[in-house]
Amino acid sequence: MVNYRNWIGEVSDETKISTLSIPGTHNSAACHTALPSVQCQGASVTEQLEHGVRFLDIRVGRLLLGNNKDDLQVIHGKFPVKIPFPLKLTNVLEEIYRFVEANNRESVIVSIKQEGSNDWDNRNDEFGKLIWRDYISPNKDRWYLNPEIPRVGDARGKIILFRRFGVQDEQLRREFGFDAPVWSYNTTDDDRGSFRVQDFCEVETGQDLPKKIQYVKDMAQTAQSYTRDHDDKLFVNFTTASNFFDKDCWPHAIAKSMIEGNIHESFQKGVGIIVLDYAEVEDWILVKELVNSNF
Numbered sequence: 001m002v003n004y005r006n007w008i009g010e011v012s013d014e015t016k017i018s019t020l021s022i023p024g025t026h027n028s029a030a031c032h033t034a035l036p037s038v039q040c041q042g043a044s045v046t047e048q049l050e051h052g053v054r055f056l057d058i059r060v061g062r063l064l065l066g067n068n069k070d071d072l073q074v075i076h077g078k079f080p081v082k083i084p085f086p087l088k089l090t091n092v093l094e095e096i097y098r099f100v101e102a103n104n105r106e107s108v109i110v111s112i113k114q115e116g117s118n119d120w121d122n123r124n125d126e127f128g129k130l131i132w133r134d135y136i137s138p139n140k141d142r143w144y145l146n147p148e149i150p151r152v153g154d155a156r157g158k159i160i161l162f163r164r165f166g167v168q169d170e171q172l173r174r175e176f177g178f179d180a181p182v183w184s185y186n187t188t189d190d191d192r193g194s195f196r197v198q199d200f201c202e203v204e205t206g207q208d209l210p211k212k213i214q215y216v217k218d219m220a221q222t223a224q225s226y227t228r229d230h231d232d233k234l235f236v237n238f239t240t241a242s243n244f245f246d247k248d249c250w251p252h253a254i255a256k257s258m259i260e261g262n263i264h265e266s267f268q269k270g271v272g273i274i275v276l277d278y279a280e281v282e283d284w285i286l287v288k289e290l291v292n293s294n295f
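Take the sequence shown: its letters are residues 1 to 295, numbered as in our numbering.
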């Protein structure tokens, strides 16, 4: 029986991360009381990790109130994921650190993305340098920051940075994690060389969901076929989509539709990262199916 809390511990050291089937969560820390459609998870980050999730999607922006303008809070789009008090990035990272310290044969891929205000001077790497100075550099021993896709043995006990923001400084870029700053909006299939993404998100009504489900299945099958013979590309496959104006297209409804659409039938070894809303729905069924496929 698979131990979901420690499943990467059972994978051989020589296995490339890119050849695994990895459960991920969308807006992973959006598990608190928030505005309708902002909340994306019903379980905490720690619970997600304990149940086998190994890719966390964290989106951050400036803290609106407070003395330190460099403090970052977790947001979804332009909205805080926790009200009335903000959830700071520091607190989410501490939660991840605690899990990895207690389970030092595991690895967690953490995606960090800037959202919210557009007043960053990114020509001078303002956001990237802030992340490096205040969050990564003081904890460098906890992170796997090589830009290459690691083998499992190279990243045990580490957080693998999946960097969803650009860095102009070439020297910094060499030691700032896996470089995935951009892909096409609303894409059904965007191949960027070292990674390939399905992130179709513009679902107008519930009647559009079968189309989204098929895109998820297609990318899973593409990934499985590719990773059978190659290990140089990371596949990221979002099951998520939303329409604020239609409750049938809010995250919880989307999560249930993915299960009802039997996306797990396409889960085999090597389907890459599958990013889920409300991963705990029906006793973590999609997370378990993904983890099980590795064995």
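For every residue, glycine included, the Cβ atom is placed at its ideal position computed from N, Cα and C. Quick caveat: nothing in here was measured; it's all calculated off a predicted structure.
- Beta-bridge annotation (DSSP): TYR135 is not paired with any residue.
- Looking at the DSSP output, TYR144 bridges to ILE160.
- Counting along the chain, the unbroken beta strand (DSSP E) around LEU234 starts and ends at 234 to 238.
- Closest in C-alpha terms to ILE109, from the list LEU172, ARG228, PHE79, PRO23, comes PRO23.
- Note on MET219: 16 or more other CB atoms within 10 angstroms of its CB, so buried under the neighbour-count rule.
- Nearest to VAL167 by C-alpha distance, out of PRO181, ILE160, ASP154, ALA155, is PRO181.
- Pairing THR187 with LEU63, the inter-Cα distance amounts to about 30 angstroms.
- Apart from the 5 residues on each side of it in sequence, PHE162 sits with its Cβ closer than 7 angstroms to the Cβ of ILE109, VAL110, SER111, GLY177, PHE178, ALA180 in its chain, given in chain order.
- Per the C-alpha coordinates, the member of GLY272, ASN243, VAL236, TYR4 positioned closest to GLY206 is ASN243.
- Distance from the CA atom of ARG151 to the CA atom of ASP13, rounded to whole angstroms, is 6 angstroms.
- HIS76 sits in a strand when the DSSP states are folded into three classes.
- Using a Cβ distance threshold of 8 angstroms, VAL100 and GLU94 do not count as a contacting pair.
- Taking 3 residues as the shortest admissible run, the region 227 to 294 contains the following complete beta strand (DSSP E) segments, listed from N- to C-terminal end: 234 to 238, 272 to 276.
- Uninterrupted alpha helix (DSSP H) stretches at least 4 residues long and entirely within the region 193 to 217 do not occur.
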